[in-house]
Amino acid sequence: MADKVMIIGYGSTGKYALDMLTRLPDLADCEYTILSRTQKEEAEKRINLTLVSAGMFGMYPKVRYIACDINDIERLSETIALSEPDVIAYTGRYMKGFKYGEFSYPNQIGYGVWTPMAAVLVEKVMRAVKQAGVKSRVINTSYGDAVSPLLAARKLAPYTSAGNLNHLIPRIARAYETLTGQPAGCTDVTFAGSHYANTYISKEGTAKGSPYLLHIGGSKPVRDCDVFKHCAIPTASGQERNIMIASDVVMLIRLMLDKSGNEHKIHAPGPFGNVGGYPLLFRNGEMRVDETHFTLSEMIAVNKDSLRCDGIERLDENGIHFTDEVRDKMKAVFGMNYPKTVALEDCESFAAKIAERIGANYGS
1 MADKVMIIGY
11 GSTGKYALDM
21 LTRLPDLADC
31 EYTILSRTQK
41 EEAEKRINLT
51 LVSAGMFGMY
61 PKVRYIACDI
71 NDIERLSETI
81 ALSEPDVIAY
91 TGRYMKGFKY
101 GEFSYPNQIG
111 YGVWTPMAAV
121 LVEKVMRAVK
131 QAGVKSRVIN
141 TSYGDAVSPL
151 LAARKLAPYT
161 SAGNLNHLIP
171 RIARAYETLT
181 GQPAGCTDVT
191 FAGSHYANTY
201 ISKEGTAKGS
211 PYLLHIGGSK
221 PVRDCDVFKH
231 CAIPTASGQE
241 RNIMIASDVV
251 MLIRLMLDKS
261 GNEHKIHAPG
271 PFGNVGGYPL
281 LFRNGEMRVD
291 ETHFTLSEMI
301 AVNKDSLRCD
311 GIERLDENGI
321 HFTDEVRDKM
331 KAVFGMNYPK
341 TVALEDCESF
351 AAKIAERIGA
361 NYGS
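So the sequence shown is numbered by this note's numbering: it starts at 1 and just counts up by one.
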């Protein structure tokens, strides 16, 4: 029986992901369902480009498109129940085209303030999956460091999230090659830390006070600070950056469907609803946290402390608890009165307030 993959959200991330998936020989028999609120006629124009391109690689996968608004949980649940996908990748965004970094980084505001926006749609996806009664494993692409544990407190956690920390690993491997001559492809990197650490190491070449755990498998010892300096490489901005998160999604899908018996390593935020980012090992489609160099308890502790740098004091069944520092910054920069705590059920209404306030600056 063919494996089934559903991609929910067909913006730039979903498009990049489908482009890559349909060209992979190991997924040649996979069936894809793309779901978003874009009109079918318009979405299929882009999908047809993907199919023609895949054909040039000798690949002719089955792809179908269904127009459905994520906010319509009943219809979404029915669609998921009928499709019975093995893997669901959520690639949508609450505010189309909105990049948190455009407001957080210049103002030195932790990305955690955007968690209410990040949680809204994926929470609906998880409710729809639960209501559908299927065993689909879900990949979330929306700030998984915080969203996954927030949803886990209500037993709605995705299987894992994607992105963030994994974007740092190739930089570290290449940096080690620059410093030692050991090929990046032969360098095993193990890192535990949240979105904040990844952001500042990638942008400024320093963890900027964030705790983290790092092990590099190599014969020559190097200082972390020297490695990090070489990680700050310039990259394109805007939607082009989403090719990275799309690559994460594709690799996770491949590993979740792989039955070769081989073990593969990847990094991801929010696995099994845990806070922050972790090294993971996959074998025959099953995932576990890699504790070769650090224990799970050590990594959880570091991630909790690292996430505080992003403005989140803690996450639990009562919701998102923000640090006083980040609340003061939102007041000073955007004139917003952030509550100390936002409950999961209040995320949508508060996200609307954020969108209204930030939208004026963003031009939406």
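Cβ coordinates follow ideal geometry from the N, Cα and C atoms, glycine included.
No experiment lies behind these values; they were computed from the predicted model shown.
- Here Q39 has A67 as same chain residues with Cβ atoms under 8 Å from its own Cβ, once five neighbours each way along the sequence are excluded.
- Rounded to the nearest angstrom, the Cβ distance from I201 to C231 is 5 Å, consistent with a contact under 8 Å.
- Apart from sequence neighbours up to five positions away, the residues of its chain that approach E263 with a beta-carbon distance below 8 Å are L281, F282, R283, ordered along the chain.
- With a contact defined as Cβ atoms closer than 8 Å, T187 and I216 qualify at about 6 Å.
- Residue pairing by DSSP places N140 opposite Y90, S161 in a beta bridge.
- Approximately 7 Å separates the beta-carbon atoms of A162 and G144; this is inside 8 Å, confirming the contact.
- DSSP places Y60 in no alpha helix (DSSP H); its state is neither H nor E.
- The shortest CA-to-CA distance from D19 to any of L35, L49, K45 is the one to L49.
- In this structure, M126 keeps its C-beta atom at 8 Å or more from the C-beta atom of A351.
- Annotated three-state conformation of Y10 is coil, per DSSP.
- When rounded, the separation of the alpha-carbon atoms in H293 and N107 is 35 Å.
- Closest by C-alpha distance to S142, out of Y32, Y278, V249, P339, is V249.
- Shown here for E84: same chain residues with a beta carbon closer than 6 Å to its own, the five before and five after excluded, namely V134 in chain order.
- For V326, the uninterrupted alpha helix (DSSP H) run begins and ends at 324-334, by DSSP.
- DSSP lists H215 as the beta-bridge partner residues of T190.
- Classified as buried, N274 has 16 or more neighbouring CB atoms from the shown chains inside 10 Å of its CB.
- Ranked by how close their Cα comes to the Cα of K124, the residues A153, S77, M336, F191 have S77 in first place.
- When DSSP states are grouped into helix, strand and coil, D29 belongs to the coil group.
- Looking at the backbone, the Cα of K259 and that of E325 are separated by about 47 Å.
- Ranked by Cα distance from A132, the options G9, R75, Y159, A119 are led by R75.
- As summarised for the region 245-278, the continuous beta strand (DSSP E) elements at least 3 residues long and confined to that stretch are 263-269, given in chain order.
- Rounded to the nearest angstrom, the Cβ distance from V113 to I88 is 27 Å, too far for a contact under 8 Å.
- Counting the other Cβ atoms within 10 Å of the Cβ of A246 gives 16 or more, which makes it buried.
- Its chain contains Y10, K15 as the residues whose beta carbon lies nearer than 8 Å to that of R46, once the 5 sequence neighbours on both sides are disregarded; these appear in chain order.
- One alpha carbon belongs to S237, the other to E291, and they sit about 34 Å apart.
- For the pair K329 and G276, the Cα-to-Cα distance works out to about 23 Å.
- Under DSSP, the beta-bridge partners assigned to H321 are R314, T341.
- For L151 and Y338, the gap between their C-alpha atoms comes out near 21 Å.
- Annotated three-state conformation of R283 is strand, per DSSP.
- For G101, the enclosing alpha helix (DSSP H) covers residues 101-107.
- Only buried fits S194, as 16 or more other CB atoms lie within 10 angstroms of its CB.
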